[in-house]
Every structure is written in structure tokens, then in C-alpha cells.
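Written out below as C-alpha cells is the structure these notes cover.
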């Protein structure tokens, strides 16, 4: 079989496999077929070139970028689950797919409805009623002692603001004694201000939904949050 026929077959198979990967629903099968599609299209582009190694790198990069764009279009306009992702985060009935240029939210894992987060909005994309609200007094110790379990999951927490700086505010566990609020200084949730929020004051009662981020000693950073 000469190279011209191989090129034509590679082009046809490559396009067929990529389109098929966008149509199917089985996630593992979609990934395998997409890889095959990219392989055949790379073969189509490099089989008759002199500097094959460089060409393979260049066309693999270009085709992966094109596949990312097609994946985005399939999610946004055809409500297909994402293919090119590097992390899946499950929080109860909510699932978040992390990709290089965007995130995809599935607010109910039993429903095939996908919302694209272009990373230009800071916050929680699903309806907060899907999560149960827990007081900081319950969460504080639990989040630190079982940090690995909660890392990158979304929680809804309510409490009283114990400290406010120019950059962030803190939620600590507390007790109310003789109408005075006494905060426990050992463990706290740290929430950095964003462009949507800058008017929080000490002793404000607050409820927020956010993602459990990194831990700094006994402080847990809450990211991608939304005030309820």
C-alpha cells in the first residue's frame, strides 16, 4: 500500500474517530476513540514529511488544541460530558470536571446536564440548596482532622465572622456566653475577598458555599465560594 492511500485512509479514519468520540456517551470509549482519531490525523500529516519527529510534536499539539475546542463546543451546544479533563471532583450529588481552560459542573450526577465555567466567574455554579448547611462549630475540627477527605470538595457552612483584614476574613468556632461571642482561636476557615465581596464585618452572621482548598497549619482556605 503506497503512502498516498495510507494518507487518505488516515484522514478518513481520523475525522471519523474524532466525530464519533464527541457523539458517544461512554467516557472510557470516547477517550480511546479520540486518541485513535488524533493518531490517524497525525499520521496523515507526517507520513510524507522529512522531519517526522518535529512534525509529530507540532501536529499532536495542534490536534489536541483542536480537540479541546471541539470538546468545549460539544459540551456547550450539545450537552455532552467533557472528554479532555485532568480531574473529577465529587461532592455529594455534584460533580466538577476540571479541564485546562474551563471547568464543567454537573449539579446532579443523576442528570445529564452540564454547565461550563469559563473560569471568568469566581463562585459556586450550582444551586446552593443542593447542599446541607453545617455550622462552623461542627465543621472546624472535622475539616482539619479529616482534611484529605474534604480536600477539593464543596461545603456549605454557616457561622460568625471572627476577624477581617484587607485581604480576607475568618470563621472560627465559637460559643455565646452572656450575650458575648467567644471565639476559639485554634482552628479557622480563611476566605479571601474577591471583586464581588468587600463589605464583611466582624460578628456578621454568614453562610457560604465553597471549595475546601489548601491547609495552612490549622487554617483551611475556602476557594470558589459564594455567599448564600
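Residue numbers (the numbering used here): 136 to 363. Ideal Cβ placement from N, Cα and C applies to all residues, glycine included. Because the structure is a prediction, the values reported are computed rather than measured.
Query - Euclidean distance between Cα positions of residue 273 and residue 336 - result: Numbered from 1 along the chain shown, position 138 holds the residue referred to as residue 273. Numbered from 1 along the chain shown, position 201 holds the residue referred to as residue 336. So the alpha carbons of these two residues sit roughly 22 Å apart.
Query raised in the report: Unbroken alpha helix (DSSP H) runs of length 4 or more, entirely within the segment 205–291: which are they?
Result: If we require 4 residues or more, the alpha helix (DSSP H) runs fully inside the segment 205–291 come out as 271–280 and 282–285.
**Report entry** Which listed residue (142, 201, 183 and 288) has its alpha carbon closest to that of residue 223
**Finding:** To locate residue 223, count along the chain shown from 1; it is residue 88. With distances taken between Cα atoms, residue 223 lies closest to 288.
Query raised in the report: Should residue 295 and residue 306 be called a contact, given that it needs their Cβ atoms to be closer than 9 Å?
Result: Taking the first residue of the chain shown as 1, we reach residue 295 at position 160. Taking the first residue of the chain shown as 1, we reach residue 306 at position 171. For the pair residue 295 and residue 306, the CB atoms are nearer than the 9 Å cut-off.
Requested in this report: Could you give the DSSP three-state label for residue 175: helix, strand or coil?
Outcome: Along the chain shown, read from residue 1 onward, the residue named residue 175 stands at position 40. Of the three classes helix, strand and coil, the one that applies to residue 175 here is helix, per DSSP.
Query raised in the report: For residue 171 versus residue 209, is the C-beta spacing smaller than 9 Å?
Result: Numbered from 1 along the chain shown, position 36 holds the residue referred to as residue 171. Numbered from 1 along the chain shown, position 74 holds the residue referred to as residue 209. Not a contact, by the Cβ cut-off of 9 Å.
Query raised in the report: Are there three or more Cβ pairs, one per stretch, closer than 8 Å when the segment 312–330 is compared with the segment 343–356?
Result: Taking a cut-off of 8 Å on C-beta distances, the segment 312–330 touches the segment 343–356, as three or more cross pairs fall below it.
Query raised in the report: Under the three-state reduction of DSSP, which class applies to residue 353: helix, strand or coil?
Result: To locate residue 353, count along the chain shown from 1; it is residue 218. The three-state secondary structure of residue 353, taken from DSSP, is coil.
Query raised in the report: Who are the Cβ neighbours of residue 184 in its own chain at under 8 Å, not counting the five residues just before and after it?
Result: If you number the chain shown from 1, residue 184 lands on position 49. Excluding positions up to five away in sequence, the list reads 190.
Query raised in the report: Buried or exposed: where does residue 285 fall if 16 or more other Cβ atoms within 10 Å of its Cβ makes it buried?
Result: Numbered from its first residue, the chain shown carries residue 285 at position 150. Here residue 285 is buried: its Cβ has 16 or more other Cβ atoms, across all protein chains shown, within 10 Å.
Query raised in the report: Opposite residue 294 in the DSSP bridges: which residues?
Result: Position 159 of the chain shown holds residue 294. Per DSSP, 341.
Query raised in the report: So is residue 215 buried or exposed if we call it buried at 16+ other beta carbons inside 10 Å?
Result: Here residue 215 is taken as the residue at index 80 of the chain shown, counted from 1. Answer is buried; the Cβ neighbour count reaches 16.
Query raised in the report: Which stretch, first to last residue, makes up the beta strand (DSSP E) that contains residue 336?
Result: Counting from 1 along the chain shown, the entry for residue 336 is found at position 201. Run containing residue 336: none; DSSP gives neither H nor E here.
Query - Outcome for residue 149 when other beta-carbon atoms lying within 10 angstroms are tallied against a minimum of 16 - result: The sequence position of residue 149 within the chain shown is 14, counting from 1. Under this definition residue 149 is a buried residue.
Requested in this report: Determine the direct distance from the alpha carbon of residue 202 to that of residue 180, and round the result to whole angstroms.
Outcome: Here residue 180 refers to the residue found at position 45 when the chain shown is read from its first residue. Here residue 202 refers to the residue found at position 67 when the chain shown is read from its first residue. Residue 202 has its alpha-carbon roughly 16 Å from the corresponding atom of residue 180.
Requested in this report: Can you say whether residue 162 is buried or exposed, counting buried as having 16 or more other CB atoms within 10 angstroms of its CB?
Outcome: In the chain shown, the residue the question calls residue 162 occupies position 27. Exposed, by the Cβ-count rule.
Query raised in the report: Expressed to the nearest angstrom, what Euclidean distance is found between the alpha-carbon atoms of residue 269 and residue 290?
Result: As a first step, residue 269 is located in the chain shown; it is residue number 134 there, counting from the start. As a first step, residue 290 is located in the chain shown; it is residue number 155 there, counting from the start. Their Cα atoms are separated by approximately 8 Å.
Query raised in the report: How would you write the range of the alpha helix (DSSP H) that residue 328 sits in, first residue to last?
Result: The residue given as residue 328 occupies position 193 in the chain shown. In the DSSP assignment, residue 328 falls outside any alpha helix (DSSP H), carrying neither H nor E.
**Report entry** Element boundaries [alpha helix (DSSP H), containing residue 146]
**Finding:** Residue mapping note: residue 146 aligns to position 11 of the chain shown, counting from 1. Per DSSP, residue 146 belongs to the alpha helix (DSSP H) from 138–158.
**Report entry** Member of 350, 259, 145 and 303 whose CA lies at the smallest distance from the CA of residue 280
**Finding:** Looking up residue 280 in the chain shown gives position 145. In this structure, 350 is the residue among 350, 259, 145 and 303 with its C-alpha nearest to the C-alpha of residue 280.
Query - Neighbourhood of residue 339 by C-beta distance below 8 Å, restricted to the same chain and skipping five residues each side - result: Along the chain shown, read from residue 1 onward, the residue named residue 339 stands at position 204. The answer, listed in chain order, is 295 and 296.
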